[in-house]
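Notes to accompany the following structure.
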Amino acid sequence: MKTLTTLSLLAAAAVLTACSTSPVASTQKVTIPFAAHINGHNFVCGQSYNAVGTTASTITPMDFRFYVSGVKLIDAQGRAVPVQLEQDGVWQRGDVALLDFENAQGPCRNGTPATNTALRGTVPAGHYQGVEFTLGVPFAQNHGDPTTAPSPLNNTAMFWNWQGGYKFIKFDTTSSGLSEQKPGAPSPQGPVTRYAVHLGSTGCQSAARTAAPQAPCANPNTVAVRFNAFDASKQTIVADMGRILAGTNVDVNAPQTSPGCMSFAKDADCPNVMAALGLAYDGQPAPAQGQQLFKLR
């Protein structure tokens, strides 16, 4: 009996030892979905959207893409844990990713056929209840040569010059201009008005536009985004450009300025756009309510 009892104890100990040394996953995969909207409606190349801006205008977008970086998930203790982005060689490189919602169809003909609507990576195994990221490209990667940079920083359509760096947001559209039409008058003829929102760093000092600045730009114009309650398995992060244009007349353009708002100082088309992005602009502080571009669905 003693021999059997001893063998039984040894067998039990072996089972416990096997259980305690069995491999346990140290990381877990995560996919963070994004969507693009205009006033709550899905962004689609070639589709028109009404009731946009202060004059309830109709617009037809031609482009919508943006860079994000510094992606983190927030755990139950409120700690921000970095997401190690999957290095896919196309959309994600290092800590930077490009979200691209245009497909080169119709008015988006200057874009690319491929789209990207999610971030993919890994985090330490655990429970997470929030997310944070930065809209924009970090200074260290923002002023290189896009013709030699790896994807997704090789996209010249998303680049100004070495001095200014990348366009963190590229949103282009045309407007019907119907806000200018008087009641009962015939529909206006001729070309429609172009309106763009190109967000990027400004006030960057360098020897020339083809030279990278050595010190951070006066206006980095990166946007910190954080949602304390976010479930990647059930929710989507929505970028709604209609919210950014809500306080702007998209049918007109300030004289002697680029079409729409391209982040540069002294542009009368920019104050409401930059405020909606949660950014200080031209001496005005950042609004207390923060950015209005991203929301959860």
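Under our numbering, the first residue of the sequence shown carries the number 27, and numbering increases by one thereafter.
Here a beta-carbon is modelled for each residue, glycine too, at the ideal position from N, C-alpha and C.
- Apart from the 5 residues on each side of it in sequence, aspartate 114 sits with its Cβ closer than 8 Å to the Cβ of Arg146 in its chain, given in chain order.
- Proline 239 is classed as buried because its beta carbon has at least 16 other beta carbons within 10 Å across all chains shown.
- The way I'd put it, the region 240-250 doesn't touch the region 259-271; fewer than three beta-carbon pairs between them come closer than 8 Å.
- Around valine 157, the same chain offers Ile58, Val97, Lys98, Leu99, Ile100, Arg252, Phe253, Phe256, Ala258, Ile263 as residues with beta carbons nearer than 8 Å, after the five sequence neighbours per side are excluded.
- Nearest in C-alpha terms to asparagine 168, of all of Tyr307, Phe90, Trp186, is Trp186.
- In the DSSP assignment, asparagine 68 forms a beta bridge with His63.
- Assigned with DSSP and collapsed to three states, glycine 191 falls in strand.
- Its Cα nearest to that of glutamine 110, the residue Val56 stands out among Val116, Val56, Gln155, Thr141.
- According to the DSSP assignment, alanine 51 belongs to no alpha helix (DSSP H), since it is labelled neither H nor E.
- In the assembly as shown, serine 83 is a buried residue. Its beta-carbon has 16 or more other beta-carbons within 10 Å.
- Cβ-Cβ distances below 6 Å link leucine 124 to Tyr93, Trp117, Pro178 in the same chain, with the five nearest sequence neighbours on each side left out; the list follows chain order.
- Contact between isoleucine 85 and valine 276 holds, since their C-beta atoms are separated by about 6 Å, short of 8 Å.
- Straight-line measurement puts the Cα of aspartate 295 at about 21 Å from the Cα of cysteine 230.
- Here leucine 305 has Asn247, Val249, Ala312 as same chain residues with Cβ atoms under 7 Å from its own Cβ, once five neighbours each way along the sequence are excluded.
- Within the region 223-269, the runs of beta strand (DSSP E) at least 3 residues long that lie entirely inside it are, in chain order, 249-253, 263-266.
- Comparing C-alpha distances from glycine 152 to each of Ala51, Ala314, Ala233, Phe60 shows the shortest one belongs to Ala51.
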